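Just below is one structure, and these are the notes that go with it.
Numbering (the working numbering), first residue to last: 169 to 435.
This is the structure we're talking about:
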């Protein structure tokens with residue numbers, strides 16, 4: 169039986185659409201995650217970035233790979249049912265932690281999150297992957313937007329650098345151009361969400377977000393996990409996150425000392 173927050177229909181929808189909403193997944197950890205985000209912004213890590221440039225308004229901060237140094241993140245991960253829910257959604261016997269990601273758009277931030285797939289940036293790939301995007305403030309227009317079924321496309325979307333829009337890798341011809349889902353009439357999924365709700369989506373699901381025109385900030389915590397079939401792959405350049413010195417080779421499962429298995433199905 170799946171976790172009580174899930175149904176078989178929701179698991180089927182995840183396989184079909186590549187994205188579903190899980191209400192209340194981190195409801196009991198909202199204050200803990202808010203404290204972690206405050207610590208993260210006060211003490212940013214080496215990958216922290218400011219994603220606005222001249223002419224943009226507001227502030228768009230992001231940072232990732234901080235769960236090992238920010239205790240609030242680690243506590244929230246283990247206190248929530250996210251690992252079991254991840255395994256059920258992926259139809260996997262295990263859930264292995266890949267990394268965390270914080271994204272904060274202050275009030276009046278004009279910069280949108282560009283349309284992209286996470287998968288092409290990573291050195292891991294598989295059918296059993298899931299990312300959870302968890303708002304820590306109520307969201308409406310600034311919610312996550314996802315293209316249904318895009319995780320099943322036969323060619324990945326070109327990864328770009330968020331600030332300048334440059335190609336992330338040197339071989340753009342190997343990728344599908346970044347589409348305009350609204351102009352092209354694609355089925356876009358989006359939900360009005362309360363703090364602690366979560367959008368679960370596949371690493372290869374195309375997604376983005378509008379700027380934050382609201383009078384309140386939009387803090388979001390993301391967590392990425394992989395399942396049984398995920399394997400290391402080689403990319404044509406430095407990945408994001410890069411995890412320097414990981415010493416893994418293509419075809420290998422993620423090393424468990426860096427990427428712990430945080431849930432395993434009994435029996």
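Built from N, CA and C at the ideal position, the CB exists for glycine as well.
The structure displayed is predicted, hence computed values, not measured ones.
{"Check": "With DSSP run on the structure shown, which of helix, strand or coil describes residue 357?", "Outcome": "strand"}
{"Check": "Could you check what DSSP says for residue 282 in three-state terms: helix, strand or coil?", "Outcome": "strand"}
{"Check": "Indicate, with yes or no, if the ligand GDP has a heavy atom lying under 7 angstroms from the CB of residue 401.", "Outcome": "The ligand GDP is absent from the structure shown, which contains no ligand whatsoever."}
{"Check": "May I ask which residues mark the beginning and end of the alpha helix (DSSP H) holding residue 182?", "Outcome": "176-185"}
{"Check": "Which residue or residues does DSSP assign as beta-bridge partners of residue 270?", "Outcome": "231, 389"}
{"Check": "Counting only runs that start and end within the region 324-388, where is the beta strand (DSSP E) found for 3 or more residues in a row?", "Outcome": "356-358, 366-369, 375-377"}
{"Check": "Say whether the region 403-410 touches the region 277-294, bearing in mind that this needs 3 or more beta-carbon pairs closer than 8 angstroms, one atom from each stretch.", "Outcome": "yes"}
{"Check": "For the alpha helix (DSSP H) that residue 241 lies in, which residues bound it at each end?", "Outcome": "239-247"}
{"Check": "Do you know whose CA, among 171, 182, 199, 172, lies nearest residue 389's CA?", "Outcome": "199"}
{"Check": "In chain order, what residues of the same chain lie with their CB nearer than 6 angstroms to the CB of residue 360, ignoring the 5 residues before and after it?", "Outcome": "308"}
{"Check": "Can you tell me whether residue 173 is helix, strand or coil according to DSSP?", "Outcome": "coil"}
{"Check": "Given this structure, state the Cα-to-Cα distance separating residue 424 from residue 415, to the nearest angstrom.", "Outcome": "13 angstroms"}
{"Check": "Quick one: what's got a C-beta closer than 8 angstroms to residue 249's C-beta in the same chain, skipping five residues either side?", "Outcome": "171, 173, 193"}
{"Check": "Would you be able to state if there are at least three C-beta pairs under 8 angstroms between the region 336-343 and the region 296-310?", "Outcome": "no"}
{"Check": "Based on the DSSP output, what are the partners of residue 218 in its beta bridges?", "Outcome": "229"}
{"Check": "What's the gap between the Cα of residue 237 and the Cα of residue 218?", "Outcome": "20 angstroms"}
{"Check": "Can you tell me whether residue 375 is buried or exposed? The criterion is at least 16 other CB atoms within 10 Å of its CB, across all chains shown.", "Outcome": "buried"}
{"Check": "Give the secondary structure of residue 197 by DSSP, where H, G and I count as helix, E and B as strand, and everything else as coil.", "Outcome": "helix"}
{"Check": "Express the C-alpha separation of residue 207 and residue 246 in angstroms, rounding to a whole number.", "Outcome": "19 angstroms"}
{"Check": "Would you mind reading off the limits of the beta strand (DSSP E) that contains residue 253?", "Outcome": "From DSSP, residue 253 is part of no beta strand (DSSP E) but of the alpha helix (DSSP H) over 250-258."}
{"Check": "Quick check: what's the CA-CA separation for residue 398 versus residue 262?", "Outcome": "11 angstroms"}
{"Check": "Taking 8 angstroms as the threshold, find out whether the region 222-241 comes into contact with the region 177-196 through three or more Cβ pairs.", "Outcome": "no"}
{"Check": "Less than 8 angstroms between the beta carbons of residue 325 and residue 285, yes or no?", "Outcome": "yes"}
{"Check": "Below 6 angstroms CB to CB, which residues in the same chain sit around residue 438 once its five sequence neighbours on both sides are set aside?", "Outcome": "For residue 438 there is no data in the structure shown, the boundaries of the chain being 169 and 435."}
{"Check": "I'd like the span of the beta strand (DSSP E) that includes residue 431, first residue to last.", "Outcome": "429-432"}
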